[in-house]
Amino acid sequence: MSTTRMIIDCDTGIDDALAILYALRAPDVVVEGITTVFGNIDVAQAADNTLRLLALAKPGYDIPVALGSCGCGR
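The following block contains the structure:
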């Protein structure tokens, strides 16, 4: 079985949290990193949600989380 490596770009609310969990539990997927963006919530809250989710999920390896676009046009 080949391994799929991915970077997830999200605004971590409920739907994205589920997608992250599915990816973390898939036996053939390695999440290389997660970027957060402005969407249903602001980018800082999305990053905080992502970090909390990873702490609860305990993926067994480090996954960097980076702030992406703030949606403010800068």
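Residue numbers (this note's numbering): 12 to 85. Backbone N, C-alpha and C fix where the C-beta goes; we use that ideal spot for every residue, glycine too.
Thinking C-beta only, is residue j closer than 8 Å to residue i?
i, j, result
"A57", "T47", "yes"
"V41", "T14", "yes"
"E43", "I25", "no"
"L64", "A28", "yes"
"I52", "I74", "no"
For residue i, name the three-state secondary structure that DSSP assigns.
i, result
"V76", "strand"
"D23", "For the record, residue 23 in the displayed sequence is Thr; it is not Asp. DSSP places T23 in coil when its eight states are reduced to three."
"A34", "helix"
Just to confirm my understanding: we take residue i, look at its own chain, exclude 5 residues before and 5 after, and list those with CB closer than 6 Å. What are they?
i, result
"G82", "F49"
"P70", "L35"
Between the Cα of residue i and those of the options, spot the shortest distance and give me the residue it belongs to.
i, options, result
"T61", "T14, S13, L32", "L32"
"C21", "D59, D73, A66", "D59"
Just list the residues that DSSP pairs residue i with in beta bridges.
i, result
"M17", "V42"
"T47", "C21, L78"
Using C-beta distances below 8 Å, list every residue in its chain close to residue i, excluding the 5 sequence neighbours before and after it, in chain order.
i, result
"V54", "D22, T47, V48, L78, G79, S80, C81, G82"
"D39", "M12, S13, T14, T15"
"A30", "I19, C21"
Please list, in chain order, all residues of the same chain as residue i whose beta carbon is under 7 Å from its beta carbon, the five residues on each side excluded.
i, result
"A68", "L32, L35"
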